[in-house]
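So the structure is just underneath, and the comments pick up after that.
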Amino acid sequence: MFVSCSDSSFLQSHWNHPIPELGTPPSHFSTLEKNLNPRACGTCHQNQFQNWEKSFHAKSASPGFLWQKEIFTQEEYKSCLNCHSPLAETKLEIDSNFQTPEIISSKSHNFPDGIDNPSILCASCHIRNQIRFGPPPRTNVTKIKTSGSMSHNSYVVKEEFESSEFCKSCHESKETGVRLSGKRLMEVYTEWERSPFAKQGIQCQNCHMPDREHSWKGIHDKTFVQNSLKPIWEVKEQNGQYQIQAELKNIGVGHNFPTYLVPKVYLRFYVIFKNKKLPILLEESVVGRVVNTDLTEEYLDTRIKPNESHKVRFNYEPKENLVSEMIWEIEVDPDEQYVRSFEEQLKTKATTLTTDAKKLLQESLSEKKNSRYILFTLNWKAPVSLPK
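Position one of the sequence shown corresponds to residue 2 (our numbering), numbered consecutively onward.
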């Protein structure tokens with residue numbers, strides 16, 4: 002079933018929500034082929050499974066998402082499920098409204114051992130109507146067997162799997178969505194489309210799925226972020242006054258950094274005096290999109306566009322010239338908006354949430370508070386004064 006082509010209607014039908022139930026597997030499939038649990042897929046696709054298992058795709062139906070079912074309307078939560086739990090069978094595990102005979106039957110056929118993780122699974126992207134879809138094979142198509150002996154009837158090749166447009170369905174707000182200062186809440190695809198990366202043909206998959214790795218690393222991965230940014234700074238001293246010039250450049254992110262309104266990046270500048278051990282904060286600026294918890298008002302947007310920089314310039318004149326060292330520290334808070342919002346929800350809805358929802362909320366809040374990390378620390382040592 003190798004039909005390598007770019008079909009303009011493929012993505013529209015592939016991500017047409019709600020995605021229909023998977024249905025009954027072909028009778029000639031083996032027991033393993035009929036099982037769509039990611040662990041079963043990992044029997045042959047070991048690397049993909051191991052990377053997926055640690056990814057945020059495998060955590061899309063995490064406590065931070067599940068507790069919100071109690072504060073959304075039925076239609077709002079159903080819309081969220083389209084991306085957080087795309088398959089009808091996984092939605093069934095989360096929302097009783099999907100307990101139809103057809104979906105229950107499909108789940109029993111395709112997940113015989115049950116679904117322990119109703120997140121984004123292998124089948125969420127790769128299977129529709131018992132047909133497997135995937136990117137072009139790395140080896141020559143003519144050398145690949147296409148007989149009935151191929152596992153799960155082989156697969157249909159679609160070039161769209163290597164296109165940024167494949168990711169757009171879940172990583173770009175709808176045109177009819179909320180807008181703040183003229184911008185939708187998520188515009189990852191649009192930001193990329195306007196960037197030099199798009200003009201060079203660099204797709205989302207090139208950075209977030211290198212070598213077809215199924216880990217989708219992003220803002221929570223320190224090394225990944227470090228390789229995408231370049232901090233440059235200079236400290237000059239003249240007549241007891243210090244001039245600090247700093248620049249954080251986006252050298253490898255194909256969209257605004259950070260793209261979502263959730264993360265915040267803090268640039269802090271400290272001074273340490275010779276006669277004191279503790280650093281003193283001189284200047285702080287934030288990189289990110291700052292909005293209120295109701296998502297109705299935007300206060301600030303200092304995100305860095307591809308190949309552009311966030312610059313900080315300031316002068317500092319200490320009362321006594323006993324400066325020993327200056328430090329530039331860059332901290333990433335990947336979940337700042339969630340922390341602020343969840344804390345507010347915990348305070349205002351403490352008496353109305355069920356015990357289970359409150360427990361999930363507290364668990365998620367604790368996890369998100371601990372996701373912060375120091376991205377870079379740069380030091381500038383004051384020149385040693387030689388005796389005359």
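Note that beta-carbon positions come from the ideal geometry of N, C-alpha and C, so glycine has one too.
Asked: 8 angstroms CB neighbourhood of G253 in its chain, flanking five on each side removed; Found: C208, N228, S229 and L230
Asked: Of the listed residues T356, P259, N38 and S31, nearest to C123 (C-alpha basis); Found: N38
Asked: CA nearest to the CA of E321, picked from R213, G241 and F225; Found: G241
Asked: Nonlocal neighbours in the same chain, by C-beta distance under 7 angstroms from S7, ignoring five residues either side; Found: Here S7 scores only 48 on pLDDT, less than 50, and its place in the model should not be relied on; the value that follows carries that caveat. Only E160 and E161 meet the Cβ criterion.
Asked: L376 in three-state terms, based on DSSP; Found: strand
Asked: Below-9 angstroms beta-carbon distance, T355 vs any chain B residue; Found: This model lacks chain B altogether, as it is built from one protein chain only.
Asked: Per-residue burial, I116 [other beta carbons within 10 Å of its own, 16 or more giving buried]; Found: buried
Asked: In chain order, each beta strand (DSSP E) run of at least 3 residues that lies wholly inside the region 199-246; Found: 230-239
Asked: CB-CB length for D308 against P197, believed under 8 angstroms; Found: The amino acid at residue 308 is misidentified as Asp; the sequence shows Asn. With a Cβ gap of about 6 angstroms, N308 and P197 count as contacting.
Asked: Outcome for L268 when other beta-carbon atoms lying within 10 angstroms are tallied against a minimum of 16; Found: buried
Asked: Range of the contiguous beta strand (DSSP E) that encloses S310; Found: S310 to Y317
Asked: Outcome for R314 when other beta-carbon atoms lying within 10 angstroms are tallied against a minimum of 16; Found: exposed
Asked: Other residues of its chain near I95: CB distance less than 8 angstroms, five sequence neighbours each side excluded; Found: A62, L67, K70, L82, S86 and P119
Asked: I145 burial status per 10 Å Cβ neighbour count (16 or more: buried); Found: With a pLDDT of 44 at I145, under the threshold of 50, the predicted position of this residue should be treated as unreliable, though the coordinate-derived value follows. Result: exposed.
Asked: Endpoints, the alpha helix (DSSP H) within which V340 is located; Found: E337 to T349
Asked: Other residues of its chain near Q244: CB distance less than 6 angstroms, five sequence neighbours each side excluded; Found: K237 and N316
Asked: Continuous alpha helix (DSSP H) assignments of at least 4 residues falling wholly in the region 9-55; Found: 11-15, 32-35, 39-42 and 47-54
Asked: Inter-stretch contact at 8 angstroms, needing at least 3 Cβ pairs: the region 282-297 / the region 216-228; Found: no
Asked: V226 burial status per 10 Å Cβ neighbour count (16 or more: buried); Found: buried
Asked: F167 - DSSP class collapsed to helix/strand/coil; Found: helix
Asked: Meets three-Cβ-pair contact criterion under 8 angstroms: the region 103-110 and the region 129-143; Found: no
Asked: C-beta atoms of G24 and H110 nearer than 9 angstroms; Found: yes
Asked: Own chain residues within Cβ distance below 7 angstroms of K370, not counting five before or after; Found: V340
Asked: Euclidean distance between Cα positions of A358 and E337; Found: 21 angstroms
Asked: DSSP three-state assignment for E298, whether helix, strand or coil; Found: coil
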